[in-house]
Structure formats: structure tokens, C-alpha cells
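*Asks:* First, the structure itself, so that you have it in front of you.
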Amino acid sequence: MSSSQPLLFVNASQVVTCEGPARARRGAEMSDAGIRTNVGVAVVGDRIAAVAPVMELRDVYRTAKEIDCRNGVLLPGFVDSHTHGVFGRPRFEEQEMRAAGLDYMEIARRGGGIHSSVRDLRSKSEDVLFELAYERLLRLATFGTTTVELKSGYGLSVEDELKTLRVIRRLSDVLPLRIVPTFLGAHEIPLESRTSTESRKAYVDLVIHEMIPAVAAERLARFADVFCETGVYTVDESRAVLTAARNAGMLLKLHADELTSSGGAELAASIGATSADHLAAVSDDGIKALGSGSTVATLLPGTMLFLGKTKHAPARRLIEAGVPVALATDFNPGTSPTTNVSLVLTLGVSQLHLSVAEALIAATVNGAAALGIANEVGQIAAGFSADMSLFDIRDVRELPYWYGDNRCVVSYTRGKACHPSDLGLT
Ligand SMILES: [Zn+2]
11 MSSSQPLLFV
21 NASQVVTCEG
31 PARARRGAEM
41 SDAGIRTNVG
51 VAVVGDRIAA
61 VAPVMELRDV
71 YRTAKEIDCR
81 NGVLLPGFVD
91 SHTHGVFGRP
101 RFEEQEMRAA
111 GLDYMEIARR
121 GGGIHSSVRD
131 LRSKSEDVLF
141 ELAYERLLRL
151 ATFGTTTVEL
161 KSGYGLSVED
171 ELKTLRVIRR
181 LSDVLPLRIV
191 PTFLGAHEIP
201 LESRTSTESR
211 KAYVDLVIHE
221 MIPAVAAERL
231 ARFADVFCET
241 GVYTVDESRA
251 VLTAARNAGM
261 LLKLHADELT
271 SSGGAELAAS
281 IGATSADHLA
291 AVSDDGIKAL
301 GSGSTVATLL
311 PGTMLFLGKT
321 KHAPARRLIE
331 AGVPVALATD
341 FNPGTSPTTN
351 VSLVLTLGVS
361 QLHLSVAEAL
371 IAATVNGAAA
381 LGIANEVGQI
391 AAGFSADMSL
401 FDIRDVRELP
411 YWYGDNRCVV
421 SYTRGKACHP
431 SDLGLT
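Per our numbering, the very first residue in the sequence shown carries number 11; after that it's consecutive.
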């Protein structure tokens, strides 16, 4: 890599560096996005070499190829740390049912809900799922995301969970995006295992004794995750699955307190999960537990918006309690069919009452921390991977302002162009 020609990014109106400690930021640390003007960025091989006035960089990197940022704003590539991006058919028909007042149970009775995604994914081949996810991730990349987490969890059988994780591995092999795989065999209890207490226990045992060893043997997942929620997985079941996953060498995540406060945040903190996600219904004790630990709170306001809910995660209280907050899309076919991180920044500001700087840190450095890679991505600073996105705006505050819009024009992962338009893919 080091033999390639250095790159100099020049003429940016702002470079949002997010420079600082290579770990999750908390409290007042989230208020500084490290916005710099009159500087350029030098990239050598796959690394950022320097951020400095362009004249100085030109002196040092005399053979560099210059990339004209055309007065746009350069940011660290977004880190979308929570998605369910591998699925079959979209579930658009459920939106009108919800609007008409049908609840989750009624939609499920009419053949919708997560179990319909499970039925559908099981019926599709690895190749078909790969093609569908490939197209969707190209779209995701156009919004300036350079790192994305992808979960399994619509398979809910040994074979179909492995099939999903192999799709994720293939995507990771062919796409320039940085992809972090998560095993979510405990996303739901599959319909065939909901008939009795014994069959339910048998499924949890299957996750622990068959799925986790199989996933670990093929090194298919960096993280394991569980949907801990009233009516889904209990705290005890979640703890058992996460403990087995940790013993198999995986890092931990938890879907916690999305709809009801069931002790998910407390479990995530006590078990040392890298992140606790959702948290719209987190309790005071849960906030306190997260505040005294190292778990990142990953908030997903797009889900609440799409479901028509007015209750959002208490982002301000979490930040005040010293909890590092990340923002992600929760991209999935049922409750958050968006790949637009800029839109999530808008919701971070308008619904969660974050400042723009806090929202930016949440979608870069803290997203990276939620994936255990804050020492590698999330900052435009010397030594970090050259993962950057350029936006056609003059001031970074325009990013959450032009809501729903896509101003990303170019992005780079590991020093290589990765925006689909650069790759001739759009
Ligand atoms: Zn999720």
C-alpha cells in the first residue's frame, strides 16, 4: 500500500476531524467535533498522514495527487453501527396497517412482522440474498457511510443463520465498505419453538450449544447480540446467550429496553457489552448502570420516527450521566428501512436534542467505539485509516439541516474511492 501515490485533499471549506482520544467520547467530550478550516488532509497508502495547512502539506508530499474538495465539507466516513441489512423482501405493506391503527400482534396475525422476514429469508438462497444486500449496501454507501455493522437474525436456525453470516462475509470480500458482522440468532424465538416452555428452552439451547460454536468455528462474527425485551428474550436468557458468545471469543451487543424497561441496560453494563442499543424505555437505574461502565449507548431514532412513536431515548440524560452515545440507522425491513445517516443526524438534533457536534461524534467516533474499532476509524487524524466522505455543503451544520437530502459526493475507505459513483456502479 505504501508504494501508492499519496493523496492531498485540498480546498475543503471545513474538515471535521473529530480528533481526540481513540475511544468512546462522553459528556462534554462530545461537544467538540474538531472543525478546522484552511487545512488539507494528506493520505499515504491506506492511512491519514497529516492534517495541516495545504502549503505545508505540498512541501512534504511533493508527488501527491491533489483531490479538489470544491469548497465542500470533509468528514470521517460515517460508522453505521447497527443494521439488519441482509434480508429478502421489503415489508412496505405493513406501513399502512400501522397507520390504520393495527398493533404488532395483529400485523403478525396477518402474516407480517419479523416472522414473515424469517419465513422469507429461509426460502431464499445465499446467492439471492447476496444480490439483494449488495444493491442495498451500494445505496447505503452513497450517503457517506464507510463502515457498517450487519447482523444475522432472520434465519433462526443453524443453517439459515450460517447462510446469512456467509452472505455478510461475501459482501465484506467484494465491497470496499468496512463491514463488521454480528451474530443475532437470538433475535426472536422462531414460530416453531413457541409452542411450549420446553420448545422455547430447546431453541435457546440450540443458540448456545450449536449456533455459537458453529459461528465461532468459521469465524463468521465479531459480535453476538440478543433482543432482550418483554415478550422476546428475558434478561436471564440474554445473559446465558451472551456469556456463551463471550466464551467463544465474540464481543457483545444487546438490543435493550426498546419498548419496555426490562433490565436490558443493566445487563449490558454488568456483562461488559460493547454497546446497548435502542434504550427508548431505559430506566433511571439503567442510565446509572451505563454511566458507571464502558458500554456505548447506541440510539436509533429513525426506528421510532418510522413506527410513529413519539417517545425517544433520553439522549440528554444519558449524556449528562456520562454515557457515550452513538447514532445508527437500524436499517431493517420492518421498522427502519433507511440507510441515510444524515437523516439520522437530523433526528438526533430535532428529536434527541443533541447539538450538531454531539450528533457528529455519535455517528463517527462513538459508532466506531460501539464496534470496538475506535483506534482505527472515526477520526480524520494522523495514523487513522483514511475513511472519509465529502459533502457538497459549506458548513457542517447544513448536514442535519437539509433533512432527507443526500449531499455526499465522494467517499474513501482505506485510502481508496468507495462511493458507488467512483466505482462506476451507479
Ligand atoms: Zn436492531
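We treat Cβ as the ideally placed atom computed from N, Cα and C, and that holds for glycine. Note that the coordinates shown come from a computational prediction; the quantities given were computed from them, not determined experimentally.
Just verifying my parser: in three-state terms, what is the DSSP assignment at E479?
*Replies:* Nothing can be reported for residue 479, as the shown portion of the chain is limited to 11 through 436.
*Asks:* Take D402 and list the residues in its own chain whose beta-carbon comes closer than 7 Å to its own, dropping the five residues that flank it on each side.
*Replies:* What you label residue 402 is simply residue 392 of the sequence shown in a count that begins at 1. For D402, same chain residues with a beta-carbon under 7 Å away, outside a window of 5 residues either side, are G82, R417, V419 in chain order.
*Asks:* Give the list of continuous alpha helix (DSSP H) stretches no shorter than 4 residues that lie fully inside the region 218-268.
*Replies:* 222-227, 245-257
*Asks:* Does N342 come out as helix, strand or coil in the three-state DSSP assignment?
*Replies:* One-based indexing of the sequence shown puts residue 342 at position 332. In the structure shown, N342 sits in a strand (DSSP, three-state: E or B).
*Asks:* Can you have a look at V351 and say buried or exposed, based on whether 16 or more other CB atoms are within 10 angstroms of its CB?
*Replies:* As a first step, residue 351 is located in the sequence shown; it is residue number 341 there, counting from the start. Burial call: buried.
*Asks:* Give me whichever residues DSSP pairs with T157 in a beta bridge.
*Replies:* Locating residue 157 in the sequence shown gives position 147, counting from the first residue. Answer by DSSP bridge pairing, in chain order: V89, R188.
*Asks:* Taking the beta strand (DSSP E) that K321 belongs to, which residues open and close that run?
*Replies:* Taking the first residue of the sequence shown as position 1, residue 321 is located at position 311. Here K321 belongs to no beta strand (DSSP E), and DSSP marks it neither H nor E.
*Asks:* Any idea which residues DSSP pairs Q5 with across the strands?
*Replies:* With the chain running from 11 to 436 in the structure shown, residue 5 is simply not present.
*Asks:* What did DSSP end up calling G332 once you bin it into helix, strand or coil?
*Replies:* Here residue 332 refers to the residue found at position 322 when the sequence shown is read from its first residue. Of the three classes helix, strand and coil, the one that applies to G332 here is coil, per DSSP.
*Asks:* By DSSP, does F2 sit in helix, in strand, or in coil?
*Replies:* The chain is shown from 11 up to 436; residue 2 falls before or after that span and cannot be answered.
*Asks:* Starting from C418, follow its DSSP beta bridges and name the residues at the other end.
*Replies:* Within the sequence shown, the letter at position 408 stands for residue 418. C418 pairs with F401.
*Asks:* Tell me whether the region 349-363 and the region 297-317 touch, counting them as touching only if at least three CB pairs, one residue from each stretch, are closer than 8 Å.
*Replies:* yes
*Asks:* Ligand 1 heavy atoms versus the CB of H9: any closer than 7 Å?
*Replies:* Nothing about residue 9 can be read from this structure; the chain reaches only from 11 to 436.
*Asks:* Measure from the alpha carbon of R120 to the alpha carbon of each residue in T205, I383, R101, then state which is nearest.
*Replies:* What you label residue 120 is simply residue 110 of the sequence shown in a count that begins at 1. The shortest Cα separation from R120 among T205, I383, R101 belongs to R101.
*Asks:* Classify E76 as helix, strand or coil using the three-state DSSP reduction.
*Replies:* Translated into the one-based positions of the sequence shown, residue 76 becomes position 66. E76 carries a strand assignment under DSSP once its states are collapsed to helix, strand and coil.
*Asks:* Using a Cβ distance threshold of 8 Å, determine whether the region 283-301 contacts the region 258-271, with at least three qualifying pairs required.
*Replies:* yes
*Asks:* Over the uninterrupted beta strand (DSSP E) stretch that includes D287, give me the two end residues.
*Replies:* For this step, residue 287 is matched to residue 277 along the sequence shown. Start and end: 285-288.
*Asks:* Within the 8 Å Cβ cut-off, does L362 reach chain D?
*Replies:* Although the question refers to chain D, the structure presented lacks it and comprises just one protein chain.
*Asks:* Here's the rule I'm using: 16 or more other beta-carbon atoms within 10 Å means buried, otherwise exposed. How should K263 be labelled?
*Replies:* On the sequence shown, residue 263 is found 253 positions in, with the first residue counted as 1. With 16 or more Cβ atoms within 10 Å of its Cβ, K263 is classed as buried.
*Asks:* Around the Cβ of D246, are there at least 16 other Cβ atoms within 10 angstroms (buried) or fewer (exposed)?
*Replies:* As a first step, residue 246 must be located in the sequence shown, where it is residue number 236. Exposed, by the Cβ-count rule.
*Asks:* Taking C28 as the reference, give the member of P86, L175, A52 with the closest Cα.
*Replies:* Counting from 1 along the sequence shown, the entry for residue 28 is found at position 18. Answer by Cα proximity: P86.
*Asks:* Taking the DSSP output, what are the residues bridged to K426?
*Replies:* Within the sequence shown, residue 426 is the residue found at index 416, counting from 1. Answer is T423, bridged to K426.
*Asks:* Which two residues bound the contiguous beta strand (DSSP E) that contains R57?
*Replies:* Here residue 57 corresponds to residue number 47 of the sequence shown, with the count starting at 1. Start and end: 57-62.
*Asks:* Flag this pair as yes or no: are the beta carbons of V26 and L370 separated by less than 8 Å?
*Replies:* Numbered from 1 along the sequence shown, position 16 holds the residue referred to as residue 26. Numbered from 1 along the sequence shown, position 360 holds the residue referred to as residue 370. Cβ distance < 8 Å, so V26 and L370 count as in contact.
*Asks:* By the three-class DSSP mapping on this structure, what secondary structure does E29 have?
*Replies:* Your numbering for residue 29 matches position 19 in the sequence shown. Secondary structure at E29: coil, using DSSP grouped into helix, strand and coil.
*Asks:* For T308, name the three-state secondary structure that DSSP assigns.
*Replies:* Position 298 of the sequence shown, counted from the first residue, corresponds to residue 308. Three-state result, T308: strand.
*Asks:* Exposed or buried, L277, counting other C-beta atoms within 10 Å across all chains shown (16 or more means buried)?
*Replies:* Within the sequence shown, residue 277 is the residue found at index 267, counting from 1. The residue is buried, with at least 16 neighbouring Cβ atoms inside 10 Å.
*Asks:* Roughly how far, in whole angstroms, is the beta-carbon of V217 from the beta-carbon of G195, given that I think they are within contact range, below 8 Å?
*Replies:* Within the sequence shown, residue 217 is the residue found at index 207, counting from 1. Within the sequence shown, residue 195 is the residue found at index 185, counting from 1. Indeed, because the Cβ distance is near 5 Å, the residues count as touching under 8 Å.
*Asks:* Does the pairing of the region 90-106 with the region 141-158 give three or more beta-carbon distances under 8 Å?
*Replies:* yes
*Asks:* Quick one: residues in its chain with C-beta nearer than 7 Å to the C-beta of S431, no 5 flanking neighbours on either side, listed in chain order?
*Replies:* In the sequence shown, residue 431 corresponds to position 421, counting from 1. Closer than 7 Å at Cβ, skipping near neighbours: no residue.
*Asks:* Apart from the five residues on each side of it in sequence, which residues of its chain come closer than 6 Å, Cβ to Cβ, to E171?
*Replies:* Here the question's residue 171 lines up with position 161 in the sequence shown. Excluding residues within five positions, the ones whose Cβ falls inside 6 Å are S162, G165, G195, M221.
*Asks:* Please determine whether the Cβ atom of H125 lies at a distance below 7 Å from any heavy atom of ligand 1.
*Replies:* Stepping through the sequence shown from its first residue, residue 125 is reached at position 115. Flag unset: Cβ of H125 not near ligand 1.
*Asks:* So, R188 versus V387, is the Cβ gap smaller than 8 Å?
*Replies:* As a first step, residue 188 is located in the sequence shown; it is residue number 178 there, counting from the start. As a first step, residue 387 is located in the sequence shown; it is residue number 377 there, counting from the start. Yes, the pair counts as a contact, with Cβ atoms nearer than the cut-off.
*Asks:* Between the Cα of S133 and those of S280, M115, E169, E159, spot the shortest distance and give me the residue it belongs to.
*Replies:* The count along the sequence shown starts at 1 and reaches residue 133 at position 123. Residue E169 is the option with its Cα nearest to S133.
*Asks:* Going by C-alpha to C-alpha distance, which of Y213, P186, A234 sits closest to A427?
*Replies:* Start at 1 with the first residue of the sequence shown, and residue 427 comes out as number 417. Taking only the C-alpha atoms, the option nearest A427 is P186.
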